[in-house]
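Below is one structure, written out as C-alpha cells; comments come after it.
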Amino acid sequence: MSDMFVTLGTWNWLIFGVLLMALELLAPGIFLFWLGLAALLVGLISFVVAPGWQLQILLFALFAIAAVPLWRRLARANAAPSQDNPFLNRRSAALVGREFTLEKPIVGGNGTVRIDDTVWRVAGPDTPAGSRVRIVQAEGAHLTVTAA
Numbered sequence: 057m058s059d060m061f062v063t064l065g066t067w068n069w070l071i072f073g074v075l076l077m078a079l080e081l082l083a084p085g086i087f088l089f090w091l092g093l094a095a096l097l098v099g100l101i102s103f104v105v106a107p108g109w110q111l112q113i114l115l116f117a118l119f120a121i122a123a124v125p126l127w128r129r130l131a132r133a134n135a136a137p138s139q140d141n142p143f144l145n146r147r148s149a150a151l152v153g154r155e156f157t158l159e160k161p162i163v164g165g166n167g168t169v170r171i172d173d174t175v176w177r178v179a180g181p182d183t184p185a186g187s188r189v190r191i192v193q194a195e196g197a198h199l200t201v202t203a204a
C-alpha cells in the first residue's frame, strides 16, 4: 500500500484529475469537478517541483478544501437575481395590477381568465363572464381578482 503512495507522480495526478472531471459529466453536481481541478493543480505543481508523496496529498487536500468557499462565492455571485428582469421565473407576479376580461364566470369563488395564450384560474367574488377584473394577488399559479 505504501508503494502506491511513494510512486505518486505527475501523470497520476493529471490522469486522476481528468477522470474526476469525466465522472462529473456522468453524475453532474459540481462536486467532482473541484476535486478534479485540485488533482490537476497538484499534477501541474509536480511538473515544476518534485514534492514527496506526503506533500502531494497535503496539497490535494488543501486545494480541495479551498475549492468549497471558491465555489460558494461563484455560485452566490451567479445566483443573484437579475435587476433587468425582476419577474424572471415569477410570471404570475408580473400580472398583479393588470386588468383582463373573464373567459368563464367566477362562480363559487373560481373562474378563468385568458392571458395571452394561457388560461389562468382565478379566485374572487362571483362575477359574470366578459367582465373586466383586476389581478390583486398572485401566488404561484393562483390569481386573486376583484372587479375592475
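Just so you know, we're using this note's numbering here: the sequence shown kicks off at 57 and counts up by one.
For each residue, glycine too, the CB sits at the ideal point set by N, CA and C.
ask   = What separation, rounded to the nearest whole angstrom, lies between the Cα atoms of F89 and N145?
value = In a straight line, the C-alpha of F89 is about 28 Å away from that of N145.
key: Residue from F87, A106, L93, G165 whose Cα sits closest to the Cα of R128   = The shortest CA-to-CA distance from R128 to any of F87, A106, L93, G165 is the one to F87.
Distance between A194 and V178 (C-alpha atoms, nearest Å) = One C-alpha to the other measures close to 9 Å.
query = Roughly how many whole angstroms lie between the Cα atoms of P84 and L93?
reply = The alpha-carbon atoms of P84 and L93 are separated by roughly 15 Å.
inquiry  = Quick check on the DSSP output: the alpha helix (DSSP H) that includes R129 runs from which residue to which?
reply    = Unbroken alpha helix (DSSP H) run through R129: 109 to 134.
ask   = Near L91, which residues of its chain fall below 6 Å by C-beta distance, leaving aside the five closest residues on each side in sequence?
value = Cβ neighbours of L91 beyond the five flanking positions: L76, A120.
ask   = Over what stretch of residues does the alpha helix (DSSP H) that includes T66 continue unbroken?
value = Note, T66: alpha helix (DSSP H), 66 to 82.
inquiry  = Rounded to whole angstroms, what is the Cα-Cα separation between N166 and A203?
reply    = Distance between the alpha carbons of N166 and A203: 14 Å.
inquiry  = If you measure between the beta carbons of G153 and R190, is that distance less than 9 Å?
reply    = Yes.
ask   = What three-state label does DSSP hand V105 in the structure shown?
value = Coil at V105, not helix or strand.
task = Kindly indicate which three-state DSSP category G99 falls into: helix, strand or coil?
result = Of the three classes helix, strand and coil, the one that applies to G99 here is helix, per DSSP.
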